[in-house]
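Reading through the structure tokens given below for one structure.
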Amino acid sequence: MQSIGSFLPMILLAVAMILVMVIPQRKRDKKIQQMLAGIKVGDNIKTIGGIYGKVVAVKEDLITIETGPEKAKIVFAKGAVSTVESAEVENEELAEKK
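Counting from 406, one number per residue, gives the positions in the sequence shown under our numbering.
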């Protein structure tokens, strides 16, 4: 009985550490999935490789972007997107400046 009592604080500490690490990670994963699911034509994105472009087509797990002055089209997996700036946000910012 004493051996269980001496391990109880270590077990509780391990459980607390796991909860502190898992819960925030799940929240981040959910936020990322929502961001990726919300990608639509016209959004400006940045990939994990640092490529900026405007979304011109969206399929299940693939997106096509236009980038550069020659408007080169590149196809990426949705998982390669690191940030999304909605076209609606950009239009609202332009309207505020006027």
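Note that the Cβ used here is the ideal one computed from N, Cα and C, for glycine as well. Nothing here was measured: the structure is a model prediction, and the numbers come from that model.
List the whole-angstrom C-beta distance separating residue i from residue j, where the pair is believed to meet the contact cut-off of C-beta under 8 Å.
| i | j | result |
| --- | --- | --- |
| I515 | V461 | No statement about residue 515 is possible, as the shown extent of the chain runs from 406 to 503 and does not include it. |
| I470 | G458 | 3 Å |
Do you know how far the Cα of residue j is from the Cα of residue i?
| i | j | result |
| --- | --- | --- |
| Q438 | K478 | 24 Å |
| M422 | L413 | 14 Å |
| S487 | L417 | 36 Å |
| G484 | G473 | 21 Å |
| L441 | R431 | 15 Å |
Which two residues bound the contiguous beta strand (DSSP E) that contains residue i?
| i | result |
| --- | --- |
| S487 | 486-490 |
| I470 | 467-472 |
| I479 | 477-482 |
Tell me which residues share the same chain as residue i and place their Cβ nearer than 7 Å to its Cβ, disregarding the 5 neighbours each side in the sequence.
| i | result |
| --- | --- |
| D448 | V460, V489, E490, S491, A492 |
| R433 | none |
Keeping to the same chain, check which residues put their C-beta closer than 8 Å to that of residue i; ignore five residues upstream and five downstream.
| i | result |
| --- | --- |
| L467 | V480, F481, A482, K483 |
Grouping DSSP H, G and I as helix and E and B as strand, with all else coil, what is residue i?
| i | result |
| --- | --- |
| I456 | coil |
| K445 | coil |
| Q435 | According to the sequence provided, residue 435 is Lys. The question's Gln does not apply to it. Residue state, collapsed to three classes: helix. |
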